[in-house]
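Residue numbers (UniProt numbering): 1 to 443.
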């Protein structure tokens, strides 16, 4: 501390840290030495001799002497008072430095810090684990592990471990999720996450290291799958990615249109049963009829109840193609796979009469018109003779029919209208209009 070169307790702890306070005190030691003689002023402690005198005084006037009844020998009361005034501050400084140095040594701790597997021993004055990590610049996040916890008090010899969390974008048996692990290898991560890896397919080797940025990892565990094919059952253990792969591993080959009871590209689940469907198929093309539509229009020139076909209907045609197949020998329902219209249908147009019909024809209502119709046409309203000239119940020719107010052809008109027109003809010509059958009117 500047009181001498060596030898005291104060010397061993204060040589470098507290020279300045010593220099401020020592010059006053020569100003009022015992006996009233002035000492040198402005020198650094008076040299080695002065330092020895200080040590002797420290030894002679200890703290107990200062607090007791004794005073330094050989001096006057005034000189002894001055000496005490100088020595008390020195004693206090020495005591302060000795206590501070002891506390300094007591707070120094030797601990072992492991960060992500890298260990080192260091000295620290930190009170707890969190303070130590902050002093060492070791940051930790929500997914990191610190053992013991950050609030744990430190003692010399403690071991502190920090393990960083790493994100793993894991696809496990087709299900994707993100998990965190403090393991530094794929193998360690699988064990930490509880993934059953025996017999599993891994997208990365077990020994691959996982850096702080993490990695993508796909795991397909080994599963039990049953394959039903060709009347046989096969149970296998597989880590296949698709049902198609599992079927192939069982020794079954899919050919042509063959498929499986679940989508071939789907993920095979543990305990799943897959049925192979043997499919044979062909195509069949046929022509189908397209029915025609019927359009009815009102015609005020025709009597009510009278219908005349203005345009006959004609069906259309459609060419259709069906897929025919059998599944495991069972014929399936045909499936339509194509359709093409080869002929459009022609609609049928019918004129419907709205004209009010006369109630009777005088002079002709009482005759046997049924007998005449049976004789002329067999009682058939649409009958036509072999020459195509005469038609209807009463075998009208077209010219006569139209002269009586009929429209179209007689064989296309309703039976009631034909009978009405026949009555009008009878009024005009009598039974001579039907040379062979006219007499039946009176039968």
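Idealized CB from N, CA, C, for every residue including glycine.
Remember, it's a predicted structure, so these values are computed and weren't measured experimentally.
Runs of the beta strand (DSSP E) spanning 3 or more residues and lying entirely within the UniProt domain "G5" (276-356) occur at 279-290, 294-303, 307-311, 316-327, 335-343 and 348-355, in chain order. Where residue 434 is concerned, there is no enclosing alpha helix (DSSP H), because DSSP gives it neither an H nor an E. Cα atoms of residue 434 and residue 307: separation of roughly 25 Å, rounded to the nearest angstrom.
Closest option to residue 334, judged by alpha-carbon separation, among 341, 328, 340 and 324: 324. Two segments are said to touch when three or more pairs of C-beta atoms, one from each, lie closer than 8 Å; by this definition the region 216-226 touches the region 169-189. Of the candidates 225, 272, 296 and 366, 296 places its Cα closest to the Cα of residue 350.
Counting along the chain, no alpha helix (DSSP H) covers residue 179; the unbroken beta strand (DSSP E) around it starts and ends at 175-181. Exclusion of the five residues before and after residue 216 leaves 169 as the residues of its chain whose Cβ lies within less than 6 Å of its Cβ. Apart from sequence neighbours up to five positions away, the residues of its chain that approach residue 408 with a beta-carbon distance below 7 Å are 308, ordered along the chain. For residue 190, the enclosing alpha helix (DSSP H) stretches over residues 186-193. Under the three-state reduction of DSSP, residue 255 is assigned to coil, being neither helix nor strand. For residue 272, the CB contacts under 6 Å within the same chain, skipping 5 residues up- and downstream, are 225 in chain order. Contact annotation: the region 274-287 touches the region 309-329, with at least three C-beta pairs closer than 8 Å. One thing to note: residue 134 has its Cβ no nearer than 8 Å to the Cβ of residue 154. DSSP, reduced to helix, strand and coil, places residue 233 within a strand of the structure shown. By the C-beta density criterion, residue 121 is exposed, having fewer than 16 other C-beta atoms within 10 angstroms. Distance between residue 156 and residue 266, taken at the CA atoms: about 60 Å. The beta carbon of residue 205 sits closer than 8 Å to the beta carbons of 186 from its chain, once the five residues preceding and following it are set aside; these are given in chain order. Per the C-alpha coordinates, the member of 417, 361 and 374 positioned closest to residue 426 is 361. DSSP places residue 246 in the helix class (H, G or I) of the three-state scheme. Annotation: residue 443 to residue 304 spans about 30 Å, alpha carbon to alpha carbon.
In the three-state scheme derived from DSSP, where H, G and I count as helix and E and B as strand, residue 421 is classed as helix. For residue 363, the closest C-alpha among the options 431, 313, 404 and 243 is that of 431.
In this chain, the alpha helix (DSSP H) harbouring residue 377 covers 369-377. The beta carbon of residue 416 sits closer than 7 Å to those of 305, all from its chain and outside the five residues before and after it, given in chain order. Sequence-distant Cβ neighbours of residue 167 in its own chain, meaning closer than 7 Å and more than five residues away, are 178, 180 and 214. When the five nearest sequence neighbours on each side are left out, the beta carbons in the same chain lying within less than 7 Å of the beta carbon of residue 313 are those of 292, 294, 346, 347 and 348, in order along the chain.
For the pair residue 143 and residue 165, the CB atoms are nearer than the 8 Å cut-off. The C-beta separation of residue 290 from residue 317 comes to about 6 Å, placing the pair in contact by the 8 Å criterion. Linking residue 253 to residue 201 through their CA atoms gives a straight-line distance of about 23 Å.
At a Cβ-Cβ threshold of 8 Å, residue 257 and residue 279 count as neighbours. Annotation: residue 161 to residue 199 spans about 33 Å, alpha carbon to alpha carbon. Distance from the CA atom of residue 337 to the CA atom of residue 277, rounded to whole angstroms, is 21 Å. In the three-state reduction of the DSSP assignment, residue 113 falls in the strand class, which pools E and B. Look at residue 164 here: in three-state DSSP terms it is coil, with no helix or strand label.
Taking residue 382 as reference, the option from 251, 245 and 392 with the minimal CA-CA separation is 392.
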